[in-house]
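Numbering (the numbering used here), first residue to last: 11 to 747.
Heads up, the beta-carbon is just placed ideally off N, CA and C, and yes, glycines get one too.
One structure below.
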């Protein structure tokens with residue numbers, strides 16, 4: 011029986027050497043001691059090997075079969091070697107008990123405690139079926155009596171693994187409360203901890219946190235100080251910077267979170283979101299999208315928000331995109347700008363600042379006599395809303411139109427702003443399609459070609475509806491004289507009017523929107539006043555010999571005619587030219603010529619017999635015609651020859667309901683000689699008080715006056731009495747009254 015520092019060894023095989031004692035023993039016993047300020051735990055082993063080195067004050071006891079029993083509790087074991095010294099009991103091996111396992115090459119044991127400078131730790135889950143935490147190379151201090159253990163890493167880059175919840179963290183200082191069964195992590199205030207999922211389906215989802223609390227009773231990791239989580243292409247901001255991770259790496263649903271997407275541009279913010287983050291490349295959510303218009307606070311409830319990989323290719327290589335959709339109901343009374351109501355589906359794709367609008371919109375204006383819900387399918391930026399439209403329809407699928415139109419039954423040229431035509435076959439004069447937007451500063455709706463409305467292009471049709479007074483201003487290319495066979499009329503300019511229809515009794519006008527509009531919408535006694543300033547090029551077959559006489563007469567007396575003035579209204583002429591001529595260098599050259607005060611149109615793009623640079627005109631429903639309203643008008647050229655003079659002239663584009671269009675032109679030279687051309691049904695009537703002109707006309711052969719056209723029909727030139735011109739002259743004067 012060998013006794014040393016409280017240890018008792020029973021052996022039948024002891025070998026004494028000068029500086030060493032070796033022995034094998036069936037049993038080793040060490041009694042608990044707290045004497046002289048030195049704590050020694052109870053220890054017991056069976057079938058042990060002893061190596062006592064007296065001059066080193068160390069006795070090494072190694073268990074051959076079973077691990078040592080440590081402490082009075084009887085639940086702790088050490089598989090390895092005990093080292094008994096005057097400084098206490100040490101150990102090298104694996105310390106195990108029901109809640110954890112620790113491994114170290116040098117434990118220092120107290121009565122009911124252990125410390126080690128370098129330790130591998132595995133803390134078990136409550137059900138003992140899994141590992142809650144594991145790490146290595148940490149300094150450990152375990153007080154079994156107080157049921158508290160502290161661990162601190164020896165390497166600042168060391169990571170701690172949490173296998174049960176399938177995460178690892180850079181937080182490497184933690185305290186384990188064994189009684190309450192929880193672990194509290196602590197990080198450097200200047201360096202938040204990093205948490206990374208090791209779940210194979212979560213693509214290394216990660217986030218940072220300031221503090222963490224692991225509840226071993228529920229296997230939940232509770233992390234605070236989390237600024238955000240990146241999921242797919244979005245920043246997800248947890249409420250109160252707090253989130254929880256459960257078994258299998260499942261992140262608890264985030265309530266009242268905020269989503270900002272995408273991470274590059276941060277175009278979209280979704281508030282009060284309920285978010286399920288399923289991985290680094292996948293999350294699902296619901297939430298509310300702020301859509302305030304001025305003082306009107308609004309939000310869209312996005313019931314379906316998904317951030318996920320999209321497109322072709324391998325899953326790991328696909329781009330990730332957040333997409334969201336929400337429904338706007340009639341009860342929401344929702345506006346997409348200051349004056350446009352909307353109901354339908356609004357969706358977003360995070361990489362684009364534009365929202366998608368699929369549904370119905372309606373213009374909010376007291377100056378509109380009829381307000382219809384019209385189809386919308388467009389992408390637009392809510393901060394600068396421009397909505398695309400092409401063939402809008404109402405709730406019943408009836409087509410709606412915008413622009414100016416000629417009524418076949420009413421003989422009216424009338425305006426439309428997202429309204430049905432009076433009759434389906436009404437003739438478009440200035441049809442407007444493309445986009446629309448509301449100009450808050452000017453309180454007006456702008457409809458038209460996208461390049462014009464958005465890009466400021468000179469070219470394209472446009473209609474402005476002034477919400478403040480109900481007036482309409484159109485500009486672009488006009489459809490005039492489309493029923494004139496063998497004559498081509500190109501026209502552009504501006505057109506003005508205002509609504510004179512009575513407002514609908516039901517201002518909501520959801521109606522069935524089915525339209526027998528003759529009773530409800532078409533004016534009966536009311537007449538629209540439609541005025542226009544028109545640049546027009548007219549191609550008609552007139553013998554060149556006659557035109558030369560005209561040109562010679564006008565040029566010889568041109569000093570008696572005022573020059574056409576372009577510089578005072580360049581805006582009109584630039585837009586009119588851009589819409590009259592095809593795009594190209596010739597149109598650019600024409601625009602440039604305006605800077606010299608002239609309108610010079612290159613021959614290549616000036617096929618016109620007559621080119622009037624500006625004709626103020628009005629529609630006369632009784633005459634079913636656009637009639638020129640000024641006695642003197644700017645004539646730019648005749649057969650390509652530059653004139654650019656203000657000449658007494660009268661023009662009528664007659665467009666009756668039966669499409670039997672007619673054209674009348676009266677031009678008077680400064681010499682007081684006039685020239686008249688009237689065209690209908692393939693016959694051009696010509697007369698003049700210029701004897702030379704009429705003699706030349708009379709001398710022409712029949713084949714020069716009757717021309718066979720490509721379709722096999724004939725085009726005939728007839729000389730008529732000057733009285734015909736006087737009748738037209740008087741007709742125009744009467745129509746102006």
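query	result
As assigned by DSSP and simplified to three states, the class of residue 732	helix
Local conformation of residue 30 per DSSP, three classes	strand
CB contact flag (residue 410, residue 404, <8 Å)	yes
Neighbourhood of residue 518 by C-beta, 7 Å cutoff - its chain only, sequence neighbours within 5 removed	Confidence at residue 518 is low in this model, with a pLDDT of 46, below 50, so its placement is unreliable and no value can be given for it.
Residue 535 to residue 562 span [Cα, whole Å]	Low confidence applies here, because residue 535 scores a pLDDT of 49, under 50, leaving its location unreliable and the question unanswered by this model.
Span of the alpha helix (DSSP H) around residue 597	595-603
Coil, strand or helix - residue 19 by DSSP	strand
Proximity of residue 334 and residue 358 at Cβ, strictly below 8 Å	yes
Where residue 469 sits in the DSSP three-state scheme	coil
Beta-carbon proximity check, residue 191 vs residue 227, cutoff 8 Å	yes
Beta-carbon proximity of residue 619 to residue 610, cut-off 8 Å	no
Cβ pair residue 37, residue 20 closer than 8 Å	yes
Reduced DSSP category for residue 583 - H, G, I as helix; E, B as strand; rest coil	helix
Buried or exposed (CB count within 10 angstroms, at least 16 for buried), residue 634	buried
C-beta atoms of residue 280 and residue 268 nearer than 8 Å	yes
Alpha helix (DSSP H) segment containing residue 651, residue limits	Here residue 651 belongs to no alpha helix (DSSP H); instead the beta strand (DSSP E) covers 651-664.
Chain-order list of residues whose beta-carbon lies under 7 Å from that of residue 719 (same chain, five-residue window excluded)	496, 725
Minimum C-alpha distance to residue 414 - residue among 432, 402, 407	432
Per DSSP, the bridge partner or partners of residue 359	333
Anticipated Cβ contact below 8 Å, residue 209 with residue 256, distance rounded	That belief does not hold up - the Cβ atoms of residue 209 and residue 256 are roughly 12 Å apart, past 8 Å.
Inter-residue Cα distance where the pair is residue 303 and residue 211	42 Å
Bounding residues of the alpha helix (DSSP H) (the contiguous stretch that carries residue 704)	701-709
When 574, 89, 564, 505 are compared against residue 682, the one with the closest alpha-carbon	564
With 16 other Cβ atoms within 10 Å as the buried cut-off, status of residue 83	exposed
Inter-residue Cα distance where the pair is residue 203 and residue 221	8 Å
Cβ neighbours of residue 75 in the same chain (closer than 6 Å, five flanking residues each side left out)	57
Range of the contiguous alpha helix (DSSP H) that encloses residue 560	554-566
Stretch-stretch touch, CB-based, cutoff 8 Å, three pairs: the region 685-702 with the region 640-659	no
Integer-rounded CB distance, given that residue 252 should sit under 8 Å from residue 240	Incorrect: roughly 17 Å between the Cβ atoms, too far for contact.
Residue from 18, 231, 348 whose Cα sits closest to the Cα of residue 254	231
Inter-residue Cα distance where the pair is residue 40 and residue 18	6 Å
Among 193, 96, 177, 64, nearest to residue 4 - alpha-carbon criterion	Any question about residue 4 goes unanswered here, given that the chain covers just 11 to 747.
Alpha-carbon spacing of residue 188 relative to residue 67, whole angstroms	35 Å
Span separating the alpha-carbon of residue 356 from that of residue 364	11 Å
Local conformation of residue 375 per DSSP, three classes	coil
Spatial distance of residue 567 from residue 679 (CA atoms)	7 Å
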